[in-house]
Amino acid sequence: MSKASYVKRVVMTHDTEETEEPVIDPIAQSILDTLADGSALTVEQMAKVIGEQRKKPKDGPQLWRKYMQAVKQQAMHLGKTGKIEIVHKGVVVDPDNFKGRVHLHLKK
41 MSKASYVKRV
51 VMTHDTEETE
61 EPVIDPIAQS
71 ILDTLADGSA
81 LTVEQMAKVI
91 GEQRKKPKDG
101 PQLWRKYMQA
111 VKQQAMHLGK
121 TGKIEIVHKG
131 VVVDPDNFKG
141 RVHLHLKK
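Numbered according to this note's numbering, the sequence shown spans residues 41 to 148.
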């Protein structure tokens, strides 16, 4: 992956100890937020949702295509960490090796 999914941020506490707090990638957070209602969406549908959330007045109708690769990469990461399941034809698949039309949903 070309982009880190999590970035560590150093936080100073009141007693000057440093603690690391993971900051989730905005695309990954959008995926989790969108799936929170129990829905299952394809990577394409998720890219369309994220594109609509980030749309500016001058953006065209194909903006969602810009987010396809990022959604797929973040879905792979979230699948590896056990936060979501990637399902193909009713079967949970390996996040590192999937093809075709898959659905994303929160892990049960």
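Ideal Cβ positions, reconstructed from N, Cα and C, are used throughout, including at glycine.
- Taking C-alpha positions only, K95 is separated from K123 by approximately 27 angstroms.
- Just so you know, the alpha carbons of A115 and D99 end up roughly 25 angstroms apart.
- Rounded to the nearest angstrom, the gap between the Cα atoms of I67 and V111 is 7 angstroms.
- In this structure, the beta-carbon distance from A87 to M108 falls below 8 angstroms.
- Ranking L146, L72, D77 and Q113 by CA distance to the CA of N137 puts Q113 first.
- By the C-beta density criterion, V142 is buried, having at least 16 other C-beta atoms within 10 angstroms.
- In the structure shown, P62 falls within a strand segment according to DSSP collapsed to helix, strand and coil.
- In this chain, the beta strand (DSSP E) harbouring V127 covers I124 to H128.
- Taking the Cβ atoms as the reference, K106 lies roughly 30 angstroms from G130, outside the contact range of under 8 angstroms.
- Residue pairing by DSSP places V132 opposite V127 in a beta bridge.
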